[in-house]
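S.K.: Here it is: the structure, laid out below.
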Amino acid sequence: MIHNLYCALEHMLALHSQGEAPDDQDLVCCYGRMQLMLACRMFPALKDVGEKQRGA
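In my numbering, the protein residues as written are 3 to 58.
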């Protein structure tokens with residue numbers, strides 16, 4: 003999943019550099035999701051915090 007997000011982000015950035023900018027919100031969202039997934043892999047306890055907040 004992280005690889006797919008990275009590829010999508012790389013593609014969006016390439017379009018952006020060519021002047022064919024995708025929606026900035028999509029770019030930020032994709033980057034944010036990738037960062038969140040990487041953080042959850044490095045710090046598994048973060049995933050538990052998110053699940054506890056949804057269940058509360």
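Backbone N, C-alpha and C define an ideal beta-carbon position, used for all residues, glycine too. Computed from a predicted model, the values in this text were never measured in an experiment.
In terms of residues, what are the limits of the alpha helix (DSSP H) holding Gln27?
M.R.: Numbered from its first residue, the sequence shown carries residue 27 at position 25. Gln27 -> alpha helix (DSSP H) spans Asp26 to Met44.
S.K.: Taking Asn6 as the reference, give the member of Arg35, Glu22 and Phe45 with the closest Cα.
M.R.: By 1-based counting over the sequence shown, the position of residue 6 is 4. That would be Arg35, whose Cα lies nearest to the Cα of Asn6.
S.K.: Determine the DSSP secondary structure at Glu12, reduced to helix, strand or coil.
M.R.: As a position in the sequence shown, residue 12 is number 10, starting the count at 1. Looking at Glu12 - three-state DSSP - the assignment turns out to be helix.
S.K.: Decide if Met14 is buried, meaning its Cβ has at least 16 other Cβ atoms within 10 Å, or exposed.
M.R.: Residue 14 sits at position 12 when you count from the first residue of the sequence shown. Under this definition Met14 is a buried residue.
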